[in-house]
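Protein chains: 2
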Amino acid sequence: MPVEGVRIGLDVGGTKIAGVALAPDGEIIARTRRATGWGAVAVIRGIAEAAQDLAAQAGAAAGQIRSIGVGIPGLVDADAGRVLHAVNLGVESLDVGPQVRALLNAPCHVENDVKAAALGAAALHGDREPMAYLNIGTGVAAGIVIDGRIWRGARGTAGEVGHLVVDPGGRLCGCGQRGCIETLCGGGAIARAWARGGAFPVRDVLDAADAGEEAAIALRDDLARGVSAAVRALVLSVDVERVVIGGGLTALADRIEPRIRQALRDDAAESPFLLSLGLDERIELLPASSPVSAIGAALLGADVAQHTPLEKEIIAHG
Amino acid sequence: MPVEGVRIGLDVGGTKIAGVALAPDGEIIARTRRATGWGAVAVIRGIAEAAQDLAAQAGAAAGQIRSIGVGIPGLVDADAGRVLHAVNLGVESLDVGPQVRALLNAPCHVENDVKAAALGAAALHGDREPMAYLNIGTGVAAGIVIDGRIWRGARGTAGEVGHLVVDPGGRLCGCGQRGCIETLCGGGAIARAWARGGAFPVRDVLDAADAGEEAAIALRDDLARGVSAAVRALVLSVDVERVVIGGGLTALADRIEPRIRQALRDDAAESPFLLSLGLDERIELLPASSPVSAIGAALLGADVAQHTPLEKEIIAHG
């Protein structure tokens, strides 16, 4: 049976495009996944094909698509629907919104992928508390949601806690600073510090740490310390109620989550002030396959306030 | 000639109560200043007498006072008009709002003094850009104003950037952590690190640094480095457009401001990312006598959106 008012959300990553179609009540009624092409033309084609695939699965004709949302890495001008400097996609500047709209005859909203994921993670809870989504992937950045809306800040650097310096004697960051949070817990920085290659260097670090190797234990400690610092930065500046942690790191959630909580407790052990904040109870790691970014993209342009809260179960395991 | 709709604002500090009366157009029409008493009874009496003094100066009878706002250090429950843990005032818990309302028969709003000052500093500009007021006094904390309103966050720790750790090998902070921003630039921490007594230790440090003393130069560098770190934390998390710096430090603004700007430039020198943020142009130091906290207190409960922007001139020099 065809569904009206389908919202399509696409998470365009460096290697794959993951997508969902949401029914008006927020239920996921279709999913898709395909490799991302390289360069502007291939990226637009991949988005269009993924959207058409989802619409077909959902039994929605073109006119029944309420909106297409695209979460994409890079600097996004949401008003113009444009992405800049999406280096992992081979895109310098691309008018995603206007092009997808013209191709598929449906409204298209474009957002930075981490900000889109933040919206998805906020919908996961369905409450209105200020929250942050902390993405620990190759890099480290957070999206902030206040009152059901993405908080953009004055110039688009809201949530860039990955580049706060927490150790002036620390490792050099790609941003040019030394000892940024990202140098401690970003996947790219860990791979560089480990410097032994391999397809999954963070997993290799954890394995070596388990085997007692000192250098690996230090990197594993850094990882937990970096995430702890990012959580503190978000709570002591924006004061979010909750920090939902996602990104590539979550593939190792079982092994890392207890260490992050322990780092938060250790850091608070000598500080009644920090202890009173209960930080270890305010974080939550997403399951590895949680499609929060695609779900958040699907919600772009929707008035989240009027949305049925999405079922946690659907988002986490749907 | 009596003025109707006078708003009274009081900044209740550890040593003095400073107050202003604002005409409906935001102009300062009266000012007062008196020593703060010790303990609950004396604090309430001081507030009531200061308010009456301002009302008399403004020629406003009791019924013509539109509101009394009180900015006060400590943990404030704004809804209840209650302050907790105002240790510098000898107050553990005090229902300021209800008591002042009963005494003077006028609406009374109570707010943490830094948050009140943030509102005053935002009114100083009259624009609607997200901004922060960074108070560098004995301690270090910021108030954040978004869309003309104080941003409280989820649990009241918004703007507590003074307790972000930026150097794990740093000095011990009163909060129990090591290397907090406050250990670098808080007046209390500088006095403890200087450890030579004196009525104005930060000024002594600057004098000794000018004379070439190494320990003093290190403390002076720390000061600029700490303020720079606080500014970065506010921009990379909340992304405020502007950071207005106030507090006791501003008594030394001429000697410190260039060093803070230089620290912001130095920190950005190796980082195109930081450099692009133009942080050194986004800060502003208030003149030492700027009564932003009293002005902000006077604006508590007012719909700032509908206010005539206060004249910069009036606030800075009024």
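Taken in order, these protein sequences are the chains called A and B. The working numbering puts the first residue of the first sequence at 44, with every later residue one more than the last. The working numbering puts the first residue of the second sequence at 44, with every later residue one more than the last. The beta carbon of each residue, even a glycine, is placed where N, CA and C say it ideally should be.
### Message
So that I know if they touch, is there some Cβ in chain B lying closer than 8 angstroms to that of Val188(A)?
### Response
no
#### Entry: Arg263(B) burial status per 10 Å Cβ neighbour count (16 or more: buried)
Buried, by the Cβ-count rule.
### Task
Return the bridge partner residues of Ile288(A) from the DSSP annotation.
Leu177(A), Leu328(A)
### Task
Provide the residue span of the alpha helix (DSSP H) that contains Cys228(B), from first to last.
224–228
### Query
If you compare alpha carbons, which of Gln107(B), Glu135(B), Gly291(B) is closest to Leu328(B)?
Gly291(B)
### Query
Which residues, in order along the region 302–330 of chain A, keep a beta-carbon less than 8 angstroms from a beta-carbon of chain B?
Listed by position, the residues of the region 302–330 of chain A near chain B (Cβ gap below 8 angstroms) are Asp310, Glu313, Ser314, Pro315, Phe316, Leu317, Leu320.
### Query
Pairing CB atoms from the region 334–345 of chain A with CB atoms from the region 154–171 of chain A, are three or more of them under 8 angstroms?
Enough Cβ pairs lie closer than 8 angstroms, so yes.
### Task
Below 8 angstroms CB to CB, which residues in the same chain sit around Val188(B) once its five sequence neighbours on both sides are set aside?
Excluding five sequence positions before and after Val188(B), the CB atoms of its chain that fall closer than 8 angstroms to its own CB belong to Ala161, Leu162, Ala164, Ala165, Pro173, Met174, Ala175, Tyr176, Trp194, given in chain order.
### Query
Helix, strand or coil: which one does DSSP assign to Asn155(B)?
strand
### Query
Under the three-state reduction of DSSP, which class applies to Ala184(A): helix, strand or coil?
strand
### Query
Which of the three DSSP states, helix, strand or coil, is assigned to Asp120(B)?
strand
### Message
Which residues of the region 198–209 of chain B have a Cβ closer than 9 angstroms to any Cβ of chain A? Give them in chain order.
### Response
Cβ contacts with chain A: Arg198, Gly199, Thr200, Ala201, Gly202, Glu203, Val204, Gly205, His206, Leu207, Val208, Val209.
### Task
Please decide whether Gln107(A) counts as near chain B, where near means a Cβ-Cβ distance under 8 angstroms.
Not one chain B Cβ lies under 8 angstroms of Gln107(A).
### Task
Identify each residue in the region 93–118 of chain A for which the Cβ-Cβ distance to at least one residue of chain B is less than 8 angstroms, and report them in chain order.
Flagged: no residues at all.
### Query
Cβ of Cys218(A) less than 8 angstroms from any chain B Cβ?
yes
### Contiguous beta strand (DSSP E) assignments of at least 3 residues, all confined to the region 233–308 of chain A
285–289
### Query
Can you find a CB in chain B that lies within less than 8 angstroms of the CB of Ala276(A)?
At a cut-off of 8 angstroms between beta-carbon atoms, Ala276(A) makes contact with chain B.
### Query
Leu320(B) by DSSP, collapsed to three states: which one?
coil
### Task
Kindly indicate which three-state DSSP category Ser136(B) falls into: helix, strand or coil?
Ser136(B) carries a strand assignment under DSSP once its states are collapsed to helix, strand and coil.
### Message
Looking at Asp250(A): is its Cβ nearer than 8 angstroms to the Cβ of Trp237(A)?
### Response
no
### Query
On the three-state DSSP scale, how would you describe Ser110(B)?
strand
### Query
So with Cβ pairs under 8 angstroms, would you call Ser280(B) a contact of chain A?
yes
### Task
Alpha carbon to alpha carbon, how far is Ser271(B) from Gly51(B)? Give it in angstroms, no decimals.
Just to set this straight, residue 51(B) is Ile in the shown sequence, not Gly. Rounded to the nearest angstrom, the two C-alpha atoms are 34 angstroms apart.
### Query
In terms of residue numbering, what span does the beta strand (DSSP E) encompassing Arg50(A) cover?
That run of the beta strand (DSSP E) goes 49–55.
### Query
In angstroms, rounded to a whole number, what distance separates the CA positions of Gly269(B) and Leu320(B)?
Spanning the two alpha carbons is a distance of roughly 18 angstroms.
### Query
Which residues mark the beginning and the end of the alpha helix (DSSP H) in which Arg88(B) is found?
Here the alpha helix (DSSP H) through Arg88(B) covers 83–100.
### Query
Where do the N-terminal and C-terminal ends of the alpha helix (DSSP H) with Val335(A) fall, by residue?
335–342
### Query
For Ile111(A), which option in Ala83(A), Gly56(A), Glu92(A) has the closest C-alpha, if you only look at C-alpha atoms?
Glu92(A)
### Query
Comparing the C-beta of Gly180(B) with each C-beta of chain A, is any distance below 8 angstroms?
no
#### Entry: Burial state of Glu324(A), where buried means 16 or more other Cβ atoms lie within 10 Å
exposed
### Cross-chain neighbours of Val287(A) in chain B, by beta carbon under 8 angstroms
Ordered by position in chain B, no residue passes the 8 angstroms Cβ test against Val287(A), which lies about 14 angstroms from the chain.
### Task
Answer with buried or exposed for Arg239(A), where buried requires no fewer than 16 other C-beta atoms within 10 angstroms of its C-beta.
exposed
### Task
Starting from Glu172(B), find everything on chain A with Cβ-Cβ shorter than 7 angstroms and list it in chain order.
Near Glu172(B) (Cβ distances below 7 angstroms), the residues of chain A are Ala197.
### Query
Exposed or buried, which one is Pro116(B) when buried takes at least 16 other CB atoms within 10 Å?
buried
### Query
In chain A, which residues lie with their C-beta within 9 angstroms of the C-beta of Glu284(B)?
Gly196, Ala197, Arg198
### Query
Which residue's Cα is closest to the Cα of Glu300(B): Glu313(B), Asp310(B), Pro330(B), Ile87(B)?
It is Pro330(B) whose Cα lies nearest to the Cα of Glu300(B).
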